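Numbering (my numbering), first residue to last: 1085 to 1473.
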């Protein structure tokens, strides 16, 4: 496993030889370049670059037929839809929701929500229809596509389902978290947070909201009642490189037992953040690859998506399964992925192939968490966020 203090030099020297690095997921978007068509092997479809017009959705099922328990809902970042996916057979229908949906969450009442460039889409998962599109209060520029687009990113639902929290990216500036009343379908509050809020999470008791600022190396703690904020820097490798650094936070998971936040970095370091004190402890990891999405299994295992190497001595894409005692198993995935959800029985991980930069593909990989066996399933259009109905 490489030691990350050696990463800064390889990264700086690689700039001249590989300028493309700075145009990808964790680099400065100043050039205006957008992620393009992904390329993968014959076992998975290559991604379709976002365009102004979304691909036609696959045929939907009858509105009278609610999705079966265990159906997946994915956000089609390369289109304007969310897609329903049968984990055994593939896509069963799509609903148009708005430009470039990023994240999805599901409520207990059969509604789901997706963060899009224009607003938060509310979906009736039983009828498979769009109930409404709730516009953001904060201006974030024209609705666009690609990783650096303005609008909604991270998304979380309060434990009682009454509030929705969405991280809104304001290109070139710090972002905000907007609070949506799920009954009224209106934004009721706005809190300032860090830059590009990739992920939003809620404490188990619902009293705090956590926004992970990708480009500001931080987590913003937001009080759910007053919307007062506190910033916690989360930078186990430091902040050298700024916007051009790869060594930034992406996604977090909230540990139910103690409420601490778990943020993986590079398959080498797990930042354990105490939101009460602001203290950050670091534990070793073993995947040695750039890491994005996270999820916690019912038994306390942490799942982390490894998207692939950022220097020549890194390992490839993988799924880390980390036990509560810190021991890990690392399952190779072969091609890049972005996010992950877990089946209700805790036996299967659903890893989305959308990815936020080149190399994405239109599908989901199913991973047996006990054996590491994988199965690729074609579904969606550059799927990023995923939830289990």
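Backbone N, C-alpha and C define an ideal beta-carbon position, used for all residues, glycine too. Keep in mind that this is a model prediction, so the values were computed, not measured.
Bridge-paired residues (DSSP) for residue 1422: On the chain shown, residue 1422 is found 338 positions in, with the first residue counted as 1. None; residue 1422 has no bridge partner.
Under the three-state DSSP convention, the category residue 1427 falls into: As a position in the chain shown, residue 1427 is number 343, starting the count at 1. DSSP places residue 1427 outside both helix and strand once states are collapsed to three, so it counts as coil.
Whether residue 1302 touches residue 1333 by CB criterion (9 Å): In the chain shown, the residue the question calls residue 1302 occupies position 218. In the chain shown, the residue the question calls residue 1333 occupies position 249. Against a cut-off of 9 Å, the Cβ pair of residue 1333 and residue 1302 comes out as a contact.
CA-to-CA distance, residue 1237 to residue 1220, given in whole angstroms: Working through the chain shown from its first residue, we reach residue 1220 at position 136. Working through the chain shown from its first residue, we reach residue 1237 at position 153. Cα to Cα, residue 1220 sits roughly 12 Å from residue 1237.
Residue 1250 versus residue 1429: straight-line alpha-carbon distance, rounded: Indexing the chain shown from 1 puts residue 1250 at position 166. Indexing the chain shown from 1 puts residue 1429 at position 345. Roughly 28 Å between the two C-alpha positions.
Beta strand (DSSP E) segment containing residue 1258, residue limits: Along the chain shown, one-based indexing puts residue 1258 at 174. Under the DSSP assignment, residue 1258 falls outside any beta strand (DSSP E); it carries neither an H nor an E label.
Cβ distance (whole Å) where residue 1214 is taken to contact residue 1205 below 8 Å: As a first step, residue 1214 is located in the chain shown; it is residue number 130 there, counting from the start. As a first step, residue 1205 is located in the chain shown; it is residue number 121 there, counting from the start. In this structure, residue 1214 and residue 1205 form a Cβ contact; the two beta carbons are roughly 6 Å apart against a cut-off of 8 Å.
Reduced DSSP category for residue 1326 - H, G, I as helix; E, B as strand; rest coil: Here residue 1326 corresponds to residue number 242 of the chain shown, with the count starting at 1. Helix at residue 1326.
Separation of residue 1422 from residue 1400, as counted between CA atoms: As a position in the chain shown, residue 1400 is number 316, starting the count at 1. As a position in the chain shown, residue 1422 is number 338, starting the count at 1. Taking the straight line from one Cα to the other gives about 13 Å.
Neighbourhood of residue 1408 by C-beta, 6 Å cutoff - its chain only, sequence neighbours within 5 removed: By one-based count along the chain shown, residue 1408 stands at place 324. Counting only Cβ-Cβ distances below 6 Å, and skipping sequence neighbours, we find 1384.
C-beta neighbour in chain C for residue 1327, strict 9 Å: The structure shown has no chain C; it contains just one protein chain.
Length of the line joining the Cα atoms of residue 1359 and residue 1406: Locating residue 1359 in the chain shown gives position 275, where the first residue counts as 1. Locating residue 1406 in the chain shown gives position 322, where the first residue counts as 1. Distance between the alpha carbons of residue 1359 and residue 1406: 22 Å.
Nearest candidate by alpha-carbon position, reference residue 1462, set 1152, 1153, 1154, 1177: As a working note, residue 1462 is residue 378 in the chain shown. Residue 1462 has its Cα closest to that of 1177, out of 1152, 1153, 1154, 1177.
As assigned by DSSP and simplified to three states, the class of residue 1120: Within the chain shown, numbered from 1, the residue matching residue 1120 stands at position 36. Only weak support is given to the placement of residue 1120: the predicted model assigns it a pLDDT of 31, under 50, and the value that follows is read from those uncertain coordinates. Of the three classes helix, strand and coil, the one that applies to residue 1120 here is coil, per DSSP.
Where residue 1298 sits in the DSSP three-state scheme: Stepping through the chain shown from its first residue, residue 1298 is reached at position 214. Residue 1298 carries a helical assignment under DSSP once its states are collapsed to helix, strand and coil.
With 16 other Cβ atoms within 10 Å as the buried cut-off, status of residue 1465: Here residue 1465 corresponds to residue number 381 of the chain shown, with the count starting at 1. Buried is the label assigned to residue 1465, since at least 16 other Cβ atoms lie within 10 Å of its Cβ.
Whether residue 1304 touches residue 1282 by CB criterion (9 Å): Within the chain shown, residue 1304 is the residue found at index 220, counting from 1. Within the chain shown, residue 1282 is the residue found at index 198, counting from 1. The Cβ atoms of residue 1304 and residue 1282 do not sit closer than 9 Å to each other.
Whole runs of the beta strand (DSSP E) within the region 1306 to 1364, excluding any shorter than 3 residues: Those beta strand (DSSP E) runs which fall completely within the region 1306 to 1364 and span 3+ residues are 1313 to 1317, 1345 to 1349, 1353 to 1357.
Three-state class that DSSP yields for residue 1202 in the structure shown: One-based indexing of the chain shown puts residue 1202 at position 118. DSSP, reduced to helix, strand and coil, places residue 1202 outside both helices and strands of the structure shown, so it counts as coil.
Secondary structure of residue 1101, DSSP reduced to three states: Working through the chain shown from its first residue, we reach residue 1101 at position 17. In this predicted model, residue 1101 has a pLDDT of only 42, less than 50, meaning its place in the structure is not dependable; the value taken from the coordinates is given anyway. Taken through DSSP and simplified to helix, strand or coil, residue 1101 comes out as helix.
Where residue 1277 falls: helix, strand or coil (DSSP): Position 193 of the chain shown, counting from 1, holds the residue named residue 1277. Three-state DSSP puts residue 1277 in coil, outside helix and strand.
Own chain, CB closer than 8 Å to residue 1270, minus 5 neighbours either side, in chain order: For the purposes of this step, residue 1270 is taken as the residue at position 186 of the chain shown. For residue 1270, where only same-chain residues beyond five positions count, the Cβ hits under 8 Å are 1218, 1264.
Proximity below 9 Å, CB of residue 1419 to CB of residue 1434: Within the chain shown, the letter at position 335 stands for residue 1419. Within the chain shown, the letter at position 350 stands for residue 1434. In this structure, residue 1419 sits away from residue 1434, with a CB-CB distance that is not shorter than 9 Å.
N- and C-terminal bounds of the beta strand (DSSP E) containing residue 1462: Here residue 1462 refers to the residue found at position 378 of the chain shown. It spans 1458 to 1462 - the beta strand (DSSP E) in which residue 1462 sits, taken as one unbroken run.
Rounded C-alpha distance that separates residue 1404 from residue 1247: Looking up residue 1404 in the chain shown gives position 320. Looking up residue 1247 in the chain shown gives position 163. Near 31 Å, if we compare the C-alpha coordinates of residue 1247 and residue 1404.
Same chain, Cβ closer than 7 Å to residue 1386, neighbours up to 5 away in sequence not counted: Numbered from 1 along the chain shown, position 302 holds the residue referred to as residue 1386. So the qualifying residues of the chain are 1337, 1346, 1378, 1380, 1406.
Per-residue burial, residue 1173 [other beta carbons within 10 Å of its own, 16 or more giving buried]: Against the chain shown, residue 1173 aligns to sequence position 89. Exposed, because fewer than 16 other Cβ atoms sit within 10 Å of the Cβ of residue 1173.
Residue 1434, DSSP secondary structure in three states: To locate residue 1434, count along the chain shown from 1; it is residue 350. DSSP places residue 1434 in strand when its eight states are reduced to three.
Between the CA atoms of residue 1324 and residue 1099 - distance to the nearest angstrom: Numbered from its first residue, the chain shown carries residue 1099 at position 15. Numbered from its first residue, the chain shown carries residue 1324 at position 240. For residue 1099, the pLDDT reaches just 38, beneath the cut-off of 50, and the residue's location in the model is therefore unreliable, although a value from the coordinates is still provided. So the alpha carbons of these two residues sit roughly 15 Å apart.
Cα-Cα separation, residue 1441 to residue 1376: Reading the chain shown from its first residue, position 357 is the one you call residue 1441. Reading the chain shown from its first residue, position 292 is the one you call residue 1376. Rounded to the nearest whole angstrom, the CA to CA distance from residue 1441 to residue 1376 is 12 Å.
Alpha-carbon to alpha-carbon, residue 1184 and residue 1151: In the chain shown, residue 1151 corresponds to position 67, counting from 1. In the chain shown, residue 1184 corresponds to position 100, counting from 1. In this structure, the straight-line span from the alpha carbon of residue 1151 to that of residue 1184 is close to 23 Å.
Per-residue DSSP class, three states only, for residue 1465: Your numbering for residue 1465 matches position 381 in the chain shown. Coil, per DSSP.
Given residue 1160 as reference, the closest of 1415, 1285, 1175, 1458 once Cα atoms are compared: Here residue 1160 refers to the residue found at position 76 of the chain shown. Residue 1160 has its Cα closest to that of 1175, out of 1415, 1285, 1175, 1458.
Beta-carbon contacts of residue 1189 that lie in its chain and below 7 Å, excluding the five residues immediately before and after: Stepping through the chain shown from its first residue, residue 1189 is reached at position 105. Here the set comprises 1196, 1197, 1239, 1240, 1241, 1471.
Element boundaries [beta strand (DSSP E), containing residue 1214]: In the chain shown, the residue the question calls residue 1214 occupies position 130. In this chain, the beta strand (DSSP E) harbouring residue 1214 covers 1213 to 1219.
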